[in-house]
Amino acid sequence: MAGPSQVEFPGKQQQRMRMRGTKQASSSVQKKLGRNLQELLENPHVAIPAITGPTSRGMFRRDKMKTCMKEVEMVVR
């Protein structure tokens, strides 16, 4: 069922639109995230896991972890 039609009067303030699902972090959290981001930008290899064991799975079966790590390395460069 349709609601009543809206009438606008001169001088009426513009309605504010509510943004649902968006929140702003507190200043301390923003500072902590900024520090973490700077640390990652300076040395991105800190957060990347290292492959320490054997990765060979046969001649025609590629190791998915090794392939993924190569792609991550290309993005980091």
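Just so we're aligned: the sequence shown equals residues 430 to 506 in this note's numbering. Glycine included, every Cβ here is placed at the ideal spot set by N, Cα and C.
Could you work out which residue in Arg445, Ala479, Thr451 is closest to cysteine 497 when comparing CA atoms only?
Among Arg445, Ala479, Thr451, the Cα nearest to that of cysteine 497 belongs to Ala479.
Determine whether the beta carbon atoms of proline 473 and valine 436 lie at a separation below 9 angstroms.
With contacts defined as CB atoms closer than 9 angstroms, proline 473 and valine 436 fail to qualify as a contacting pair.
At the level of alpha carbons, what is the spacing between serine 485 and leucine 466?
Within the model, the alpha-carbon separation for serine 485 versus leucine 466 is close to 34 angstroms.
Going straight from the alpha carbon of leucine 469 to that of alanine 476, what length do you get?
Rounded to whole angstroms, leucine 469 and alanine 476 show a C-alpha spacing of 8 angstroms.
What number of angstroms, rounded off, separates the C-alpha of arginine 449 from the C-alpha of serine 456?
Linking arginine 449 to serine 456 through their CA atoms gives a straight-line distance of about 21 angstroms.
Tell me where the alpha helix (DSSP H) around glutamine 459 begins and ends.
Boundaries of the alpha helix (DSSP H) harbouring glutamine 459: 456–471, taken from the DSSP string.
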